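S.K.: Pasting a structure below so you can have a look.
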Amino acid sequence: MIGVTLVAVGLSYGALSQASGFPLWQTVMLAALAIGGAAELTFVGVVAAGGAPILAVLGGLLVNSRNFAFGLSIGEYAPRGVRQYLAAHLANDETAAFARPGADRTERWQRFVLMAVVLFPAWVGGAALGQLLGSVVDADRLGLDAAFPVILFCLVVQDLRSPFLGVTAAGGALLAVAATPVLPLGLGAVASLLALIPAAAFLKARARRRRRPGGGDGSETAGGAA
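At the far end of the sequence shown sits residue 226, using my numbering, and the numbering has no gaps.
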């Protein structure tokens with residue numbers, strides 16, 4: 001299901017890229033190097049609107065900045081060496097969320113690799129196919145605005161059973177919804193990361209209290225927030 005959705009998003013991106021005048025090789029190269037979805041759509045959209053290429057690049061980088069948080073979590077279980085660098089390139093919403101439920105570092109890495117094997121060819125292949133099909137693709141009829149959030153929610157629903165993580169996720173979702181109408185495409189998701197600031201402050205304050213005499217034994221956790 002995730003692979004099918006990724007192909008559909010790739011079709012949308014490829015069709016938009018073709019309509020904006022990008023050749024096939026540029027469409028495919030951007031998809032393979034960025035692997036961000038919204039980043040590629042932002043880049044192509046800015047260029048199509050007549051914006052300067054440097055602004056398109058900066059917009060794509062800003063949208064993809066959310067992957068920094070994913071990279072921090074993936075770095076905890078990715079093997080050292082060449083595989084760690086490959087993991088950094090493939091870090092995004094889907095790979096991080098699919099790996100999250102793993103019981104230990106080994107299982108999380110295996111789940112990450114499995115999703116990466118599905119994601120990369122589905123995304124790049126969908127982009128190439130969308131470029132070739134061009135105007136035949138009707139992105140509005142694919143229902144992608146609903147498909148991706150539902151899939152990502154299903155991947156992380158187990159973590160949301162923790163009150164701490166549930167409240168943090170809800171705060172991030174509210175920020176994203178509030179920011180989406182006023183920010184460029186894709187930046188609503190980046191705005192949701194602001195919810196991590198009060199969450200981190202809460203964890204730091206609680207850890208400080210526990211270090212004080214009589215502050216508790218520290219056996220309680222934030223529902224696996226670490």
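Glycine included, C-beta positions come from ideal geometry on N, C-alpha and C.
Computed from a predicted structure; not experimentally measured.
In angstroms, rounded to a whole number, what distance separates the CA positions of valine 7 and arginine 211?
M.R.: When rounded, the distance between both Cα atoms is 50 Å.
S.K.: Pop quiz: leucine 187 and valine 63 are said to be a contact at Cβ under 8 Å. What is the actual Cβ separation, rounded to whole angstroms?
M.R.: Yes, they are in contact, since the Cβ atoms of leucine 187 and valine 63 sit about 6 Å apart, within 8 Å.
S.K.: What is the rounded straight-line gap between the Cα of alanine 39 and the Cα of alanine 56?
M.R.: The straight-line gap from Cα to Cα measures roughly 9 Å.
S.K.: Enumerated in chain order, which unbroken segments of the alpha helix (DSSP H) with a length of 4 residues or greater are wholly contained in the segment 81-110?
M.R.: Segments of the alpha helix (DSSP H) lying fully in the segment 81-110: 82-89, 93-99.
S.K.: In terms of residues, what are the limits of the alpha helix (DSSP H) holding serine 192?
M.R.: No alpha helix (DSSP H) holds serine 192; DSSP gives it neither H nor E.
S.K.: Rounded to the nearest angstrom, what separates valine 44 and serine 20 at their Cα positions?
M.R.: Straight-line Cα distance between these residues: approximately 7 Å.
S.K.: Once the 5 residues before and after glycine 223 are set aside, which same chain residues still bring their CB inside 7 Å of it?
M.R.: Bear in mind that the predicted position of glycine 223 carries a pLDDT of just 47, short of 50, making it unreliable; the figure below should be weighed with that in mind. Closer than 7 Å at the Cβ level, and outside the excluded window around glycine 223, lie Ser162, Pro163, Phe164, Leu165.
S.K.: Report yes if the C-beta distance between alanine 199 and alanine 191 is below 8 Å; otherwise report no.
M.R.: The answer is no: Cβ separation not under 8 Å.
S.K.: Quick one: complete alpha helix (DSSP H) runs, 4+ long, within the segment 34-77?
M.R.: DSSP runs (the alpha helix (DSSP H)) wholly in the segment 34-77: 38-48, 53-64, 67-74.
S.K.: Provide the residue span of the alpha helix (DSSP H) that contains glycine 10, from first to last.
M.R.: Counting along the chain, the alpha helix (DSSP H) containing glycine 10 begins and ends at 2-19.
S.K.: Helix, strand or coil for threonine 27, going by three-state DSSP, please let me know.
M.R.: Three-state result, threonine 27: helix.
S.K.: Can you look up arginine 212 in the DSSP assignment and give me helix, strand or coil?
M.R.: Note: arginine 212 maps to coil in three-state DSSP.
S.K.: Do you know how far the Cα of alanine 201 is from the Cα of glycine 125?
M.R.: Distance between the alpha carbons of glycine 125 and alanine 201: 42 Å.
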